[in-house]
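Trainee:
Numbering (full-length UniProt numbering), first residue to last: 1 to 290.
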């Protein structure tokens, strides 16, 4: 297989090994679709996590298709739509694959070399889209966990939303489930809290100013107009503010002195990170690529 290059610098890991603040537990080599080789080092590392910049701050985050995330402080994060931007190249690669001689189980026909090459091209296109999506979500969730002590999100029924034929592809491309997974362990790393609001909370239909509920609000209505107090606000921003107020109504004012219940998502291990029984030690996976 030869030498393996790493996507991340191993100098930091080497320094930790030299200072006895980390030790390598295992190494796993695997081949990903598209022909890329990965080596993953599972290490036990003594973590020194920094708290959030504003540990007492509570921020609501509303997820959507046009805007991936909107915070209650008025920050809009557009949806990069990585799959949509790569759709033209993917279609071209899939057409080239369909023109090649592929395997046939009935006749025992083996795939041609050109078919194998074309299949690798399609696989690399999909891997590229997944990498871009994951990288963008990491940057977004890291910024949120680093900035605020308590984050409030909706308990979205992603599986049910994917049944909508018009929005299924866009919802899958946004990566709502991955967003929440990353936010779960990153808030825990910094001593914060991820609060998951009730699934049936009408955050979009409720006025964040007076609490009036508009039962006739449609998905196409992008501006919320309150008939009671006259508030005119972006629909997603209004929902994010309602999510923030959800914490105050639940009695959890700050990060310190909060009472966890079934709607509070706590430190769940995900993404190749395993919490040790020693609170000062954390197992992490360092991944490299060929």
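Don't be surprised by glycine CBs; every beta carbon is placed ideally from N, CA and C.
#1: For residue 84, does the count of other Cβ atoms within 10 angstroms reach 16, so buried, or fall short, so exposed?
#2: Could you check which residue in 197, 199, 215 has the C-alpha nearest to that of residue 205?
#3: Leaving out five residues before and five after residue 112 in sequence, what residues of the same chain have Cβ atoms less than 7 Å from its Cβ?
#4: Along the chain, which unbroken stretches of the alpha helix (DSSP H) at least 4 residues long are found entirely within the UniProt domain "Probable transposase IS891/IS1136/IS1341" (41-164)?
#5: Just the C-alpha distance for residue 171 and residue 92, rounded to the nearest angstrom, thanks.
#6: Following the continuous beta strand (DSSP E) through residue 193, name the residue where it begins and the one where it ends.
#7: What's the gap between the Cα of residue 118 and the Cα of residue 150?
#8: For residue 107, count neighbouring Cβ atoms within 10 angstroms of its own Cβ and tell me buried if that reaches 16, exposed if not.
#9: Which residues mark the beginning and the end of the beta strand (DSSP E) in which residue 233 is found?
#10: Throw me the rounded Cβ distance for the residue 160 and residue 133 pair, which I believe falls under 8 Å.
#11: How long is the line joining the alpha carbons of residue 220 and residue 82, rounded to whole angstroms?
#12: What's the C-alpha gap between residue 38 and residue 95?
#13: Would you please state the rounded distance, in angstroms, between the beta carbons of residue 86 and residue 125? I believe it to be under 8 Å.
#14: I need the DSSP call for residue 167, collapsed to helix, strand or coil.
#15: Quick test of the definition: if touching needs 3 or more C-beta pairs under 8 Å, does the stretch 21-29 touch the stretch 44-51?
#16: If you drop the 5 nearest sequence neighbours on each side, which residues of the same chain put their C-beta closer than 6 Å to that of residue 145?
#17: Buried or exposed: where does residue 8 fall if 16 or more other Cβ atoms within 10 Å of its Cβ makes it buried?
Mentor: Taking the structure as given:
#1: exposed
#2: Residue 205 has its Cα closest to that of 215, out of 197, 199, 215.
#3: 100, 101
#4: 82-85, 87-98, 113-147, 158-161
#5: 23 Å
#6: 193-197
#7: 47 Å
#8: exposed
#9: 232-234
#10: Not really, about 21 Å apart at Cβ, beyond 8 Å.
#11: So the two alpha carbons sit approximately 23 Å from each other.
#12: 29 Å
#13: 6 Å
#14: coil
#15: yes
#16: 186, 187, 190
#17: exposed
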